[in-house]
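*Asks:*
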Amino acid sequence: MDSDAARPSTAPYLLRFAFAPRFRPLLAVVGVRPTTSGVVIGIDGLDVRFGAWRVRTSLANLRSAEVTGPFQPAKSVGPRLSMVDRGLTFGTGGDRGVCVRFHEPVTGIEPLGLVRHPGLTMTLAEPELFVRCLTQLHEDVDRSRT
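Number 8 in the working numbering belongs to position 4 of the sequence shown; there are no gaps in the numbering.
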């Protein structure tokens, strides 16, 4: 980032999912639309809405984030639970996304909170911006502690 204007601020950022046109009708059936989904990341933490599904956690619980993809379409559409590591995916058929790892697993796939997820993959329109925002927020918090 070359200038302060290019740096994410500590104000909450709203990021959108990258909806692949061919999967919009399918996602709409389960209530996932651009108007019912989005990501807010800020000093208060992470809040992800994906239709009826939601993941919320504190900024301190966000261990890392990395841009990932491309994805196989069958594995990148809808809410998905990995049977291998219990990771959660909120996918909209986008080619790329961001994988977030947590210090402490979070709830999200079912309403009782019985299943906890060590990571969340989201097919965001701007995955690089999410990573930059998280990095900047962590740096700002670290600076405020010193």
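Where a beta carbon is used, it is the ideal one built from N, C-alpha and C, also for glycine.
Keep in mind that this is a model prediction, so the values were computed, not measured.
Once you ignore the five residues that flank Val44 on each side, which residues in its own chain have a CB closer than 6 Å to its CB?
*Replies:* On the sequence shown, position 40 is the one that residue 44 refers to. Within the same chain, Val44 has close Cβ partners Pro16, Leu18, Asp51.
*Asks:* Between Val81 and Val102, which are expected to be in contact by the criterion C-beta below 8 Å, what is the C-beta distance as a whole number of angstroms?
*Replies:* Stepping through the sequence shown from its first residue, residue 81 is reached at position 77. Stepping through the sequence shown from its first residue, residue 102 is reached at position 98. Incorrect: roughly 16 Å between the Cβ atoms, too far for contact.
*Asks:* Using CA coordinates, which residue listed in His107, Ala64, Ala24, Val34 is at the minimum distance from Asp55?
*Replies:* For this step, residue 55 is matched to residue 51 along the sequence shown. The identity of residue 55 in the sequence shown is Gly, whereas the question assumes Asp. Per the Cα distances, Val34.
*Asks:* In the DSSP assignment, the beta strand (DSSP E) including Asp51 goes from what residue to what residue?
*Replies:* The sequence position of residue 51 within the sequence shown is 47, counting from 1. From DSSP, the beta strand (DSSP E) with Asp51 extends over 49 to 54.
*Asks:* Compute the beta-carbon to beta-carbon distance between Arg4 and Gly73, rounded to the nearest angstrom, for a pair I have assumed lies under 8 Å.
*Replies:* Any answer about residue 4 is impossible in this case: the structure gives the chain only from 5 up to 150.
*Asks:* What is the C-beta distance between Gly95 and Arg105, in whole angstroms, given that I count them as a contact (C-beta under 8 Å)?
*Replies:* Position 91 of the sequence shown holds residue 95. Position 101 of the sequence shown holds residue 105. About 17 Å separates the two Cβ atoms, so there is no contact after all.
*Asks:* Considering only the alpha carbon of each residue, which of Met126, Asp146, Gly97, Ala129 lies closest to Leu30?
*Replies:* Translated into positions along the sequence shown, residue 30 becomes position 26. When only C-alpha atoms are compared, the closest one is Gly97.
*Asks:* So Phe134 and Ala64 are in contact, right, with Cβ under 8 Å, and what is the actual spacing, rounded?
*Replies:* Position 130 of the sequence shown holds residue 134. Position 60 of the sequence shown holds residue 64. About 17 Å separates the two Cβ atoms, so there is no contact after all.
*Asks:* Might you give, ordered along the chain, the residues of its own chain that have their beta carbon closer than 8 Å to the beta carbon of Ile113, omitting 5 neighbours on each side?
*Replies:* In the sequence shown, counting from the first residue as 1, residue 113 sits at position 109. Around Ile113: Trp57, Pro83, Leu85, Leu92, Val119, His121.
*Asks:* Kindly provide the ranges of any alpha helix (DSSP H) runs that are 4 or more residues long and lie completely inside the stretch 100 to 143, ordered along the chain.
*Replies:* If we require 4 residues or more, the stretch 100 to 143 turns out to have no alpha helix (DSSP H) run fully inside it.
*Asks:* Let me know the secondary structure DSSP gives Ala24 once reduced to three states.
*Replies:* For the purposes of this step, residue 24 is taken as residue 20 along the sequence shown, with counting starting at 1. DSSP places Ala24 in coil when its eight states are reduced to three.
*Asks:* For Gln76 and Ser62, what's the separation of their Cα atoms in angstroms?
*Replies:* Mapped onto the sequence shown, residue 76 falls at position 72. Mapped onto the sequence shown, residue 62 falls at position 58. Each residue's alpha carbon lies about 30 Å from the other.
*Asks:* Report yes if the C-beta distance between Leu128 and Ala22 is below 8 Å; otherwise report no.
*Replies:* Here residue 128 refers to the residue found at position 124 of the sequence shown. Here residue 22 refers to the residue found at position 18 of the sequence shown. Yes.
*Asks:* Pull up the distance between the alpha-carbon of Asp48 and that of Gly42, whole angstroms please.
*Replies:* The count along the sequence shown starts at 1 and reaches residue 48 at position 44. The count along the sequence shown starts at 1 and reaches residue 42 at position 38. Distance between the alpha carbons of Asp48 and Gly42: 16 Å.
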